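So the sequence shown is numbered by my numbering: it starts at 423 and just counts up by one.
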Amino acid sequence: MIKKLIKIFIINLTIIFTVFVIADYSIYLKLKYNYNKEHEKFLTVLPPFPTYIEKYKMGYLASSIQYFKKCGKNLGFRKFNINDKFKKSPIIIFGCSYAYGDLLNEYQTINYKLHQLTKRNIFNFGLCACGIQHMLYIINQKFFGFLDNQKPEYAIYIYIPSHLFRLQSKIFPMIQNNGINLQYFLDNGKLKLKNYSNNILYNTFFLRSLYSIIDEINRKNFTQYKYKSFMLANEIFLESKRLLEQDYPGIKFVIINFQTINDGPDYELPFFFNVLEKEGFIVINTEDLIGRKFEYNTKDMAEDCCHPSESTWDTLLPLIVKKLKL
Numbered sequence: 423m424i425k426k427l428i429k430i431f432i433i434n435l436t437i438i439f440t441v442f443v444i445a446d447y448s449i450y451l452k453l454k455y456n457y458n459k460e461h462e463k464f465l466t467v468l469p470p471f472p473t474y475i476e477k478y479k480m481g482y483l484a485s486s487i488q489y490f491k492k493c494g495k496n497l498g499f500r501k502f503n504i505n506d507k508f509k510k511s512p513i514i515i516f517g518c519s520y521a522y523g524d525l526l527n528e529y530q531t532i533n534y535k536l537h538q539l540t541k542r543n544i545f546n547f548g549l550c551a552c553g554i555q556h557m558l559y560i561i562n563q564k565f566f567g568f569l570d571n572q573k574p575e576y577a578i579y580i581y582i583p584s585h586l587f588r589l590q591s592k593i594f595p596m597i598q599n600n601g602i603n604l605q606y607f608l609d610n611g612k613l614k615l616k617n618y619s620n621n622i623l624y625n626t627f628f629l630r631s632l633y634s635i636i637d638e639i640n641r642k643n644f645t646q647y648k649y650k651s652f653m654l655a656n657e658i659f660l661e662s663k664r665l666l667e668q669d670y671p672g673i674k675f676v677i678i679n680f681q682t683i684n685d686g687p688d689y690e691l692p693f694f695f696n697v698l699e700k701e702g703f704i705v706i707n708t709e710d711l712i713g714r715k716f717e718y719n720t721k722d723m724a725e726d727c728c729h730p731s732e733s734t735w736d737t738l739l740p741l742i743v744k745k746l747k748l
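Below you can see the structure in the form of structure tokens.
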């Protein structure tokens, strides 16, 4: 009787596992097709879609909490631009792939060009696929304690509307990483970090697709979603500013609102930046500087047509330096 039950259990377990693998692989094939279709013009410069097995062997992307825990301070930031002869106070930079300089070489990045224009040391903490919450995590973890002797005068955050979307997304981006996105939440007005375990199921296309669907459902109530994003973003910016001012009294916090005509859904409440300015942030809208919004699929963007090109930084940075008197 026991042997029979064991046999039935093994058969059922095998069937469940087989069905799961088939479903998981089917989702993988659909995602691969969509990726290649959507990016068919840029497949020569973008990373190829991983094979099914490769995906399960992939490490975490910087946006995931597991990546930050695993890598600690060795997160793969851009090379810091330091010249011991420069006497002006340094600048620290935060943001996503825009700040990091995706598809740009070392000498085309915002940090290198600012270094040359301002004669200041530049410390770029931008990371691909990251956002506002990752800035706070980096500041909280004292990943730049070595700056204590540098006394930075400015913190610059490169903002794009997608950063509000990323605040509440469990899965971002969908394909390139195996971990849950780093997230904060508000508990009685206090920011707390969501602490996800390192679960192997996060690697599966089935579970990641399920989380992606949940994210999409959460965005259905657009007004509530926008308000929650505003509250989170505002508190994270404020806490980041408070912590920086605590370590570096007098530091100025600048938000560069990088505007394109391809920004997608409007996740911002109309008073979002007005509130931040009242709270002491310096907000610079790129449209105000150059008289227009940037545009995908033009010379404004790098080879993938959706990240700033070198010429864009060559246009913007002298104007920013002049406006801030850097």
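Even glycine gets a Cβ: it sits at the ideal position worked out from N, Cα and C.
The structure displayed is predicted, hence computed values, not measured ones.
Between which two residues does the beta strand (DSSP E) containing Asp506 stretch?
Looking at the DSSP string, Asp506 is not in any beta strand (DSSP E), and its letter there is neither H nor E.
Just to check my reading of the structure: Leu698 and Leu536 have Cβ atoms closer than 8 Å, yes? What is that Cβ distance to the nearest angstrom?
Not confirmed; about 22 Å, so no contact.
Figure out for me which residue from Ser448, Pro469, Ile432 has the closest Cα to the Cα of Phe627.
Checked all of Ser448, Pro469, Ile432; the closest Cα to Phe627 is Ser448.
Give me, in chain order, the residues of the same chain whose beta-carbon lies closer than 8 Å to that of Gln681; leave out the 5 immediate sequence neighbours on both sides.
Answer for Gln681: Asn707, Thr708, Glu709, Lys715, Phe716, listed in chain order.
Buried or exposed: Arg664, going by 16 or more other Cβ atoms within 10 Å of its Cβ?
Exposed: under 16 other Cβ atoms inside 10 Å.
Taking C-beta to C-beta, are Gln572 and Tyr606 nearer than 8 Å?
Contact flag unset, no.
Strictly by DSSP, which residues pair up with Leu589?
DSSP, once it has assigned bridges, lists no residue as partnering Leu589.
Beta carbon of Gly523, beta carbon of Arg542: below 8 Å?
The answer is no: Cβ separation not under 8 Å.
Ordered along the chain, which non-local residues of its own chain (more than five positions away) have a Cβ less than 7 Å from that of Asn533?
Result list for Asn533: Arg500, Asn503, Ile515, Ile544, Asn546, in chain order.
Could you tell me whether the Cβ atoms of Leu558 and Ile712 are closer together than 8 Å?
No.
Kindly indicate the opening and closing residues of the beta strand (DSSP E) around Asn603.
No beta strand (DSSP E) holds Asn603; DSSP gives it neither H nor E.
Check whether the Cβ of Lys614 sits closer than 7 Å to any heavy atom of the ligand SAM, and report yes or no.
Absence of the ligand SAM from the depicted structure is noted, as is the absence of any ligand whatsoever, leaving it without description.
Can you name, in chain order, every residue of its own chain whose Cβ lies under 7 Å from the Cβ of Tyr718, other than the five neighbours on each side?
Excluding positions up to five away in sequence, the list reads Thr682, Asn684, Cys727, Cys728.
Name the DSSP beta bridge partners of Ile580, please?
In DSSP, Ile580 forms a bridge with Ile678.
So what does DSSP say about Pro740, is it helix, strand or coil?
Helix, per DSSP.
Alpha carbon to alpha carbon, how far is Asp688 from Leu549? Give it in angstroms, no decimals.
Using only the alpha carbons, I get a separation of about 23 Å.
Let me check understanding here. Comparing Cα to Cα, which of Ser634, Leu632, Glu575, Leu654 lies closest to Leu666?
It is Glu575.
Please state if the CB of Ala577 and the CB of Phe675 are separated by a distance shorter than 8 Å.
A contact, by the Cβ cut-off of 8 Å.
Look up Ser486 in the DSSP assignment and give the residues it is bridged to.
Paired residues: Asn603.
Can you tell me where the alpha helix (DSSP H) holding Phe703 begins and where it ends?
Segment: none, Phe703 is in no alpha helix (DSSP H) and carries neither H nor E.
Let me make sure I understand the geometry here. Which of Leu526, Thr436, Phe594, Asp722 has the alpha-carbon closest to that of Ile636?
Comparing Cα positions, the closest option is Phe594.
Anyone know if the C-beta pair for Tyr601 and Gln488 falls short of 8 Å?
The question names Tyr, but residue 601 is Gly in the sequence shown. For Gly601 and Gln488, yes; Cβs fall inside 8 Å.
Is Ser731 near Lys745, with beta carbons less than 8 Å apart?
Not in contact: Ser731 and Lys745 (Cβ atoms no closer than 8 Å).
Measure the alpha-carbon distance for Ile704 versus Ile580 and round it to whole angstroms.
Spanning the two alpha carbons is a distance of roughly 12 Å.
On a CA-only basis, which of Asn603, Lys614, Leu453, Ile561 is nearest Lys495? Give me that one, please.
With distances taken between Cα atoms, Lys495 lies closest to Ile561.
Could you check what DSSP says for Phe502 in three-state terms: helix, strand or coil?
Coil.
Do Gln590 and Asn621 have their C-beta atoms within less than 8 Å of each other?
Going by C-beta atoms, Gln590 is not nearer than 8 Å to Asn621.
Are Thr473 and Lys510 close, meaning C-beta to C-beta below 8 Å?
No, they are not a contact pair.
Is the distance from the Cβ of Tyr478 to the Cβ of Asn603 below 8 Å?
No.
Given a cut-off of 8 Å on the beta-carbon distance, is the pair Cys552 and Cys518 in contact?
Yes. Within cutoff.
Comparing C-alpha positions only, which one of Leu741, Leu748, Ala724, Lys747 sits nearest to Thr531?
For Thr531, the nearest C-alpha among the options comes from Ala724.
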